[in-house]
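FYI, the numbering for the sequence shown is 1 to 114, going by the UniProt record's numbering. C-beta: ideal position from N, C-alpha, C; glycine also. Remarks on the structure that follows.
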Amino acid sequence: MGISGILTVLWYTALPFLTWIVLAVALLVGVQVIARTSGYRTRECQCRKALWVSIAVGLLSIVVVPFLTGSQLSMVTTVFDWVTLLGIAVGVGVYAWLVLHPVWFITRRHVQPA
């Protein structure tokens with residue numbers, strides 16, 4: 001199978017989820033742009049809550065992703081299946097951190113100390 005065949009399979013695999021993919025990218029870009037124009041810098045903002053919530057979301061995705069794709073967790077049997085599922089969980093966790101970290105910065109910046 002050539003590269004065009006592989007890209008065709010990937011396109012038809014992603015097609016049912018294309019709306020969600022576009023919305024996820026728009027959310028990520030929107031949050032990052034709003035935060036960066038508000039003075040957000042990744043290394044300057046220390047927010048442990050965003051990290052822990054992102055880890056929890058990544059772990060939760062191990063259970064949720066098979067359901068969303070019409071599969072079951074009991075069907076994840078081979079090493080390749082588990083590596084793929086763990087890769088998805090890491091990706092979801094990183095995405096959650098990339099969205100939540102600037103959101104926490106924006107919301108904490110506008111809170112007035114008592």
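Measure the Cβ-Cβ separation of alanine 96 and valine 53 and say whether it is below 9 Å.
-> yes
Complete alpha helix (DSSP H) runs within the region 19-80 (minimum length 4 residues, chain order) | 48-68
Check each candidate in Ala35, Thr84 and Gly5 and name the one with the smallest Cα separation from cysteine 61.
-> Sequence check: residue 61 is serine here, not cysteine. Out of Ala35, Thr84 and Gly5, the CA that lies nearest to the CA of serine 61 is found in Thr84.
Is it true that the region 71-81 meets the region 30-45, where meeting means three or more beta-carbon pairs spaced less than 8 Å apart?
-> no
Would you grab the beta carbon distance between valine 63 and valine 92 for me? Rounded to a whole angstrom, and I think it's under 8 Å.
-> Actually they do not touch by this definition, with Cβ atoms about 12 Å apart.
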